[in-house]
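Heads up, the thing below is written out as structure tokens.
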Amino acid sequence: MKVIKVKNSEEAGLSAATIISNRIHNKPNLVLGLATGSTPLPTYECLIADHKQGKLSFVNVTTFNLDEYRGLSGSHPQSYRFFMNENLFKNIDIRLDKTFVPNGLDPNEATNYDNLIAQAGGIDLQILGLGLNGHIGFNEPGTSFNSLTHIVGLTDSTIEANARFFDSKDEVPNQAISMGLKSIMNAKEILLIATGKNKAQAVAQLVKGNLSEEWPCTILQTHPNCTIILDEAAASQL
Ligand code: GLP
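For the record, in the sequence shown the residue sitting at position 186 is 186 according to the working numbering, with numbers rising by one throughout.
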């Protein structure tokens, strides 16, 4: 695992965007795995800026998002489809029919999603954030390392952490659909970004913890091409 340490979240965003943009320049039809949450926002801002300056085109790129809340349609302001449209897709030249986010309303989506990824040729580069309890996507502690895309029950701590985006904790869905740990590990390259002091414990587990399903992120230790970008606060327990 390659570790890149930077000062703050803005620098983390710049560093991640540089890697993504290089991969798209080398392979314009890149299959890019995307994440939601606040962590990748500075990265998306840099990608949008590169696009607006004419330095980067997404016209041949296909994207697959990691996860979606169950029960929310793509037009719900807290759905991850809505988040992606607002924070990235509507600001770049990507074709919307090449952007995939699991459908939170379709009960058969879990079985379809891995097939869709395979049909696209597999994910070339997967972007990841990191949950406080070490979850990646919505794969909570205890998820099998062999999991494919599946329906998950969210833990209290994740519901609590994500409540800031909703009017109240009661409105946070208690289930999600998420690419599994095996689906994530199938990506040819992985780029995880973690910023802020509240991620320091999960980052310490990710880098030097024992391989364990109790800390889902530890599976990344076994990926042949994984880079993590950390700011000073997130790296503070290393
Ligand atoms: C959510 C998402 C994850 C994300 C994590 C961290 O639970 N499902 O994909 O990585 O939260 O979010 P943030 O980046 O806002 O800290």
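We treat Cβ as the ideally placed atom computed from N, Cα and C, and that holds for glycine.
- Exclusion of Ser-183 from the 6 Å shell around the ligand GLP follows from its C-beta lying no nearer than that to any non-hydrogen atom of the ligand.
- Using a 10 angstroms sphere on the CB of Val-203, the tally of other CB atoms reaches 16 or more, which defines it as buried.
- Under the DSSP assignment, Cys-46 falls in the alpha helix (DSSP H) whose first and last residues are 41 to 52.
- Every unbroken stretch of the alpha helix (DSSP H) spanning 4 or more residues and falling wholly within the stretch 154 to 178 is given here in chain order: 156 to 162.
- Taking non-hydrogen atoms of the ligand GLP into account, the C-beta of Ala-234 is found less than 6 Å away from none of them.
- Between the C-alpha atoms of Lys-98 and Leu-88 there is a straight-line separation of about 13 Å.
- Counted as a single uninterrupted DSSP element, the alpha helix (DSSP H) harbouring Leu-116 occupies residues 109 to 119.
- Contact fails between the stretch 190 to 209 and the stretch 107 to 114, because fewer than three Cβ pairs, one in each stretch, are under 8 Å apart.
- Around Lys-188, the same chain offers Asp-124 as residues with beta carbons nearer than 6 Å, after the five sequence neighbours per side are excluded.
- In this structure, Asn-139 sits near Ser-178, with a CB-CB distance shorter than 7 Å.
- By the neighbour-count criterion, in which 16 or more other beta carbons inside 10 Å mark a residue as buried, Glu-86 falls on the exposed side.
- The set of residues whose C-beta lies within less than 6 Å of a heavy atom of the ligand GLP reads, in chain order, Ala-35, Thr-36, Gly-37, Ser-38, Thr-39, Leu-66, Asp-67, Gly-129, Leu-130, Gly-131, Gly-137, Phe-138, Thr-158, Asn-162.
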